[in-house]
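For the sequence shown, position 122 matches number 122 in full-length UniProt numbering, and the numbering has no gaps at all. All C-beta atoms in this analysis are idealised placements derived from N, C-alpha and C, irrespective of residue type, glycine included.
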Amino acid sequence: MSCKASPGVRASTTTVSSVAVQAGDSKIVIAVVKCGKWVQLQLAESQPNLLEIGSSQNETKKLLHDHELLLAKLKALEDRVWELLQEADKTAEENKSQSQVYDAMAQTLGEAWTALVSMLERRRELLRLTSEFFENALEFAIKIDQTEDFLQNPHEFESTEALQSLLQLHDLHTKELLERSLALLNKSRQLTDFIEQFKCEGPNVNSELTQGAQSSCLKIDSLLELLQDRRRQLDKYLQQQRQELAQVLQICLWDQQENQVTCWFQKAIRDLQEQSLGSSLSDNEEIIRRHEELIVKAKGWNSTVENLKNEALGILLSKDFAEKEHLRLSNQKLNRLQEEFGQLMTERKIWLTMANSFFNSANKAFDVLGKVEAYLKLLKSEGLSLPVLAVRHEELHSEIKDCTADALQKGQTLISQVDSCR
């Protein structure tokens with residue numbers, strides 16, 4: 001509060017008394033200052049600076065502990081302040097002409113005391129926020145150390161499931177790093193905002209507070225930048241290792257699926273090579289039915305093969321994948337199997353169709369032969385003369401030849417084609 005005096009006269013300011021309060025390494029000095037007829041309280045000294053924070057969690061906890069003790073000691077002096085106010089009231093009663101002055105002085109002293117206590121309570125809040133900031137920084141640093149250990153330790157995996165679990169661990173470390181980083185950033189923003197607000201509050205702005213604020217913000221920014229720089233490096237290594245593991249997983253899954261497809265095609269090829277064309281028309285028709293079912297199944301497997309081939313092509317054309325030779329050879333083997341299976345399916349479809357035609361012709365021939373056999377028995381019972389019987393036999397011989405010619409021709413053609421493909 002400014003001192004009032006007569007026009008042209010500057011009132012002198014005198015320190016009437018001062019009180020020092022100390023707790024540990026923290027100390028404040030409160031001065032009772034008289035300016036003319038006015039008396040007021042001032043915070044003459046504060047060690048450390050009201051806006052100074054510690055450089056570590058332990059140092060901040062020590063500052064907070066000392067400050068709590070200092071506040072307790074300060075509040076114990078409150079009775080002496082109110083005694084001073086009561087003295088002002090008594091003086092006002094004795095000096096009626098100056099009662100307004102003494103009333104104002106008493107009010108000013110009360111407000112100054114309240115402001116002083118409030119300011120020190122704000123510092124306590126600052127130190128608590130700082131402690132939380134260092135706690136978050138410690139959690140962040142621990143997570144960074146854990147992630148560094150995770151990246152440096154060799155990881156072995158014997159299955160795609162183990163590899164997928166390893167990738168999930170990568171994602172978990174990345175997620176937790178981000179969470180710790182955001183928590184620290186938010187707390188640092190809250191802390192620096194509090195410092196700026198504290199620095200600018202009320203009549204307490206001075207060069208010492210400004211310097212304290214700058215020093216504290218520098219500590220916060222330095223620690224934050226140090227940890228964030230480590231996190232950025234880790235992020236780069238995490239992404240690099242994860243990309244490598246993802247590539248290994250992609251190839252492992254490709255190999256796994258390729259092995260399933262290969263096993264199916266190899267078995268299907270063996271079955272096609274070993275299966276007969278049937279021993280009768282009904283047997284042949286059943287085999288044809290199963291062949292049609294196989295065609296439907298093969299469409300699904302061929303679709304899988306095309307997907308594998310497209311994926312393999314993408315990997316082979318990519319610059320990111322290092323090990324490509326194994327994939328290239330497996331892809332070539334898969335192509336050969338698919339082509340062999342397709343050729344066998346086409347050939348077998350033709351042969352089954354030819355066999356079906358043969359069995360149909362053979363059945364017709366058997367029907368005719370059965371009728372011829374019955375007719376021969378009838379001729380024997382009729383007692384025909386030899387010349388007539390000879391004519392009848394010649395007619396039957398011609399009929400037998402005609403009815404079996406188609407079946408024999410189809411059978412010989414089928415045998416010839418099957419033998420030529422073996």
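It is roughly 31 Å from the alpha-carbon of residue 19 to the alpha-carbon of residue 56. Around the Cβ of residue 114, a 10 Å sphere holds fewer than 16 other Cβ atoms; the residue is exposed. In the three-state scheme derived from DSSP, where H, G and I count as helix and E and B as strand, residue 18 is classed as strand. Closest option to residue 392, judged by alpha-carbon separation, among 258, 308, 147 and 372: 372. DSSP lists 26 as the bridge partner or partners of residue 23. Taking residue 358 as the centre and dropping the five residues before and after it, the same chain places the C-beta of 407, 410, 411 and 414 closer than 7 Å to its C-beta, in chain order. Boundaries of the alpha helix (DSSP H) around residue 173: 160-200. The three-state secondary structure of residue 292, taken from DSSP, is helix.
Between the C-alpha atoms of residue 21 and residue 73 there is a straight-line separation of about 7 Å.
Beta bridge pairing from DSSP links residue 276 with no other residue. A straight-line Cα-Cα distance of about 56 Å links residue 402 and residue 257. In this structure, the beta-carbon distance from residue 45 to residue 32 does not fall below 7 Å. Note that the C-beta distance between residue 198 and residue 124 is not below 7 Å.
The Cβ atoms of residue 253 and residue 160 lie closer than 7 Å to each other.
Spatial neighbours of residue 61 in its own chain (CB-CB distance under 7 Å, excluding positions within 5 residues in sequence) are listed in chain order as 131. Counting along the chain, residue 358 sits inside the alpha helix (DSSP H) bounded by residues 325-382.
In this structure, residue 191 sits near residue 129, with a CB-CB distance shorter than 7 Å. Close CB contacts of residue 52 within its chain, under the 7 Å cut and outside five residues either way in sequence, are with 212, 215 and 216 (chain order).
Assignment of residue 52 by DSSP, reduced to helix, strand and coil, places it in the coil class. Secondary structure at residue 156: coil, using DSSP grouped into helix, strand and coil. Contact check for residue 170 against residue 242 passes: the beta carbons are separated by less than 7 Å.
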